[in-house]
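A.B. asks: Using UniProt numbering, read the sequence shown as starting at 1 and increasing by one per residue. Cβ coordinates follow ideal geometry from the N, Cα and C atoms, glycine included. Can you read through this structure? Questions will come right after.
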Amino acid sequence: MDHLKAITIKFLASLALLYMILGMLYGMSFGNVFLITLTLGVVSYLIGDLFILRRTNNSIATAADFGLSLFVIWIMSMALTTGDNLFMMSLIAAVGITIFEYFFHKLMATEVMGNDETDKDFSPRTMQYQTEAAEELNDLDEDDRDSEKRQ
Numbered sequence: 001m002d003h004l005k006a007i008t009i010k011f012l013a014s015l016a017l018l019y020m021i022l023g024m025l026y027g028m029s030f031g032n033v034f035l036i037t038l039t040l041g042v043v044s045y046l047i048g049d050l051f052i053l054r055r056t057n058n059s060i061a062t063a064a065d066f067g068l069s070l071f072v073i074w075i076m077s078m079a080l081t082t083g084d085n086l087f088m089m090s091l092i093a094a095v096g097i098t099i100f101e102y103f104f105h106k107l108m109a110t111e112v113m114g115n116d117e118t119d120k121d122f123s124p125r126t127m128q129y130q131t132e133a134a135e136e137l138n139d140l141d142e143d144d145r146d147s148e149k150r151q
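Shown next, in the form of structure tokens:
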């Protein structure tokens, strides 16, 4: 599955989901839902799926997609519509998109990223932290230690 099929699946599923939540529950017009879906689909595919998912895991990418979805839906719904409680509407829609994104990331990991020829040599760095353990370079004898403690 290439990127065009993946973004088409993402767009159509997001459009259906957002229309059910924003259109049917909150009465937003189809044109506004379409614009929000188009913007959210492109931005979240580029940032969440191609950038974050490649470098992290599904959980982190899904959490990032939640924040991104909430922000994009909230800002665009404030710009496109007038209504009360736009944040709650955006929060519910973002939760729905996040649930879809969790399963979409699994599809992306197996179908799109598994066959991508450009990133064969890319391996995510694992962060390994180690504390420094060393002995003192200049040993202090017992008299010097006592004088340092007094000062």
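To which residues of the same chain is residue 52 closer than 6 Å at the C-beta, ignoring the five residues directly before and after it?
C.D. replies: Indexing the sequence shown from 1 puts residue 52 at position 52. The answer, listed in chain order, is 61, 64.
A.B. asks: Does residue 83 come out as helix, strand or coil in the three-state DSSP assignment?
C.D. replies: Here residue 83 is taken as the residue at index 83 of the sequence shown, counted from 1. DSSP places residue 83 in coil when its eight states are reduced to three.
A.B. asks: Could you check where the alpha helix (DSSP H) with residue 36 kicks off and where it finishes?
C.D. replies: As a working mapping, residue 36 is identified with position 36 in the sequence shown. Its alpha helix (DSSP H) spans residues 30-44.
A.B. asks: Decide if residue 104 is buried, meaning its Cβ has at least 16 other Cβ atoms within 10 Å, or exposed.
C.D. replies: Within the sequence shown, the letter at position 104 stands for residue 104. Result: buried.
A.B. asks: Under the three-state reduction of DSSP, which class applies to residue 129: helix, strand or coil?
C.D. replies: Looking up residue 129 in the sequence shown gives position 129. Here residue 129 sits in coil by DSSP.
A.B. asks: When the Cα of residue 93 is compared with those of 42, 28, 111, which residue comes out closest?
C.D. replies: On the sequence shown, position 93 is the one that residue 93 refers to. Residue 28 is the option with its Cα nearest to residue 93.
A.B. asks: Going by alpha carbons, who is nearest to residue 46 out of 11, 80, 17?
C.D. replies: As a working mapping, residue 46 is identified with position 46 in the sequence shown. When only C-alpha atoms are compared, the closest one is 11.
A.B. asks: Residues in the same chain with beta-carbon distance under 7 Å from residue 108, minus the five sequence neighbours each way, listed in chain order, please.
C.D. replies: Counting from one through the sequence shown, the residue named residue 108 turns up at place 108. Once the five neighbours on either side are set aside, the close Cβ partners of residue 108 are 6, 49, 53.
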